[in-house]
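Trainee:
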Amino acid sequence: MDTPCPACSGTGFRIVEQGGGTTAAVPCECGVAGRSARLLRAAGIPRRYEHCSLADFEIHDPSHQAALQVAREWVERWPDRVEHGLLFLGEPGTGKTHLAVGIARALIEEKGARVVFREQRQLLKELQATFDSGSARSEWDVLAPVLEAEVLVLDDLGAGRTTPWARDVMHDLIAHRYNERLPILMTSNRPTGEERDPRAPADPLEGMTLRDRLGEAMMSRLYEMCLIVHVRGKDFRRGVLHARHRF
Ligand SMILES: [Zn+2]
32 MDTPCPACSG TGFRIVEQGG GTTAAVPCEC GVAGRSARLL RAAGIPRRYE
82 HCSLADFEIH DPSHQAALQV AREWVERWPD RVEHGLLFLG EPGTGKTHLA
132 VGIARALIEE KGARVVFREQ RQLLKELQAT FDSGSARSEW DVLAPVLEAE
182 VLVLDDLGAG RTTPWARDVM HDLIAHRYNE RLPILMTSNR PTGEERDPRA
232 PADPLEGMTL RDRLGEAMMS RLYEMCLIVH VRGKDFRRGV LHARHRF
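Numbering of the sequence shown is given in my numbering, commencing with residue 32 and proceeding in unit increments.
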């Protein structure tokens, strides 16, 4: 990390005096403001999450406070003192993606990190599209940024159809980052499958857990790579009940 620019204290903007005693903020010559904007654009954060920051994450549940604390510490520790990635688990709408994007934004703005955001389903679709003969992008064009980003945000892990191909892609991606010691921040609204009672004959979540969708080997890899952070919501119990009825 560089020491912050003395002219703007790393904010990217300098306050200049204008005539008549007024002041204005102008982009600093160090280019930090432009760099953050470029890095944010390059990260590929979807528009609906663009605004998300750790500062505006709202606390609706005790688990939110704990998750926010973990997120802030992670930003503080990156890059030299992070020992694992994070896997935010919880029902839809509990703020998991907000937290992950908030970390991404803080890393970009405070540390100039090269972050890449991809939704798992979107990533697999983009890869499939490269198999069309007329595709302008190669498989490598799609994969390289995801494999090499300093920090990868992988949103909605375990979503979409589970095919052997999709499993292989996810396995290779996660194994590569594991071997290169490059962290992943993940979110998933699926139960891990750990809490399942193996004696229960008809489990309504059969086939729906992360363990079912990713496989045993990848799950142990994930546990090794990531700290699990549970993000709960007000209607957590009711949410589970609805989910069970739907299938
Ligand atoms: Zn500056």
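Built from N, CA and C at the ideal position, the CB exists for glycine as well. Predicted model, so just to flag it, every value in this text is computed and none were measured.
Which first and last residues belong to the alpha helix (DSSP H) in which R72 is found?
Mentor: Residues V63 to A74.
Trainee: Which residues, in chain order, sit with a beta-carbon under 5 Å away from any heavy atom of ligand 1?
Mentor: Those residues, listed in chain order, are C36, A38, C39, C59 and C61.
Trainee: Count the other CB atoms within 10 Å of the CB of G264; is the residue buried (16 or more) or exposed (fewer)?
Mentor: Buried, since its Cβ has 16 or more Cβ neighbours within 10 Å.
Trainee: Hey, could you find the ends of the beta strand (DSSP E) T128 is sitting in?
Mentor: First-last for T128: K127 to K142, but that is the alpha helix (DSSP H), not the beta strand (DSSP E).
Trainee: Looking at P222 and L120, is the spacing between their C-beta atoms short of 9 Å?
Mentor: Yes, Cβ-Cβ distance for L120 and P222 is below 9 Å.
Trainee: Quick check on N220: buried or exposed, where buried means 16 or more other Cβ atoms within 10 Å of its Cβ?
Mentor: Classification for N220: buried.
Trainee: Quick one: any contact between the stretch 98 to 118 and the stretch 67 to 79, if contact means 3 or more CB pairs under 8 Å?
Mentor: No, because fewer than three Cβ pairs between the stretch 98 to 118 and the stretch 67 to 79 fall closer than 8 Å, the two stretches do not touch.
Trainee: Taking the continuous beta strand (DSSP E) assigned at E3, which residues delimit it?
Mentor: Residue 3 lies beyond the residue range present for the chain, which begins at 32 and ends at 278; the question has no answer from this structure.
Trainee: Quick check on DSSP: helix, strand or coil for S219?
Mentor: Correct three-state label for S219: strand.
Trainee: Are the beta-carbon atoms belonging to V173 and L216 less than 9 Å from one another?
Mentor: No; because the gap between Cβ atoms is not below 9 Å, this pair is not in contact.
Trainee: Short of 7 Å in beta carbon distance, which residues of its chain neighbour A74, apart from the five on each side in sequence? Order them along the chain.
Mentor: Hits under 7 Å: A135, I139, V146, V147 and F148.
Trainee: Between the C-alpha atoms of V47 and C39, what's the straight-line distance to the nearest angstrom?
Mentor: Computed Cα separation, rounded: 11 Å.
Trainee: In chain order, what residues of the same chain lie with their CB nearer than 7 Å to the CB of W105, ignoring the 5 residues before and after it?
Mentor: Excluding sequence neighbours, W105 sits near V113, L117 and I134.
Trainee: Along the alpha helix (DSSP H) that carries L120, what are the first and last residues, could you check?
Mentor: L120 -> not in any alpha helix (DSSP H); beta strand (DSSP E) instead, spanning G116 to L120.
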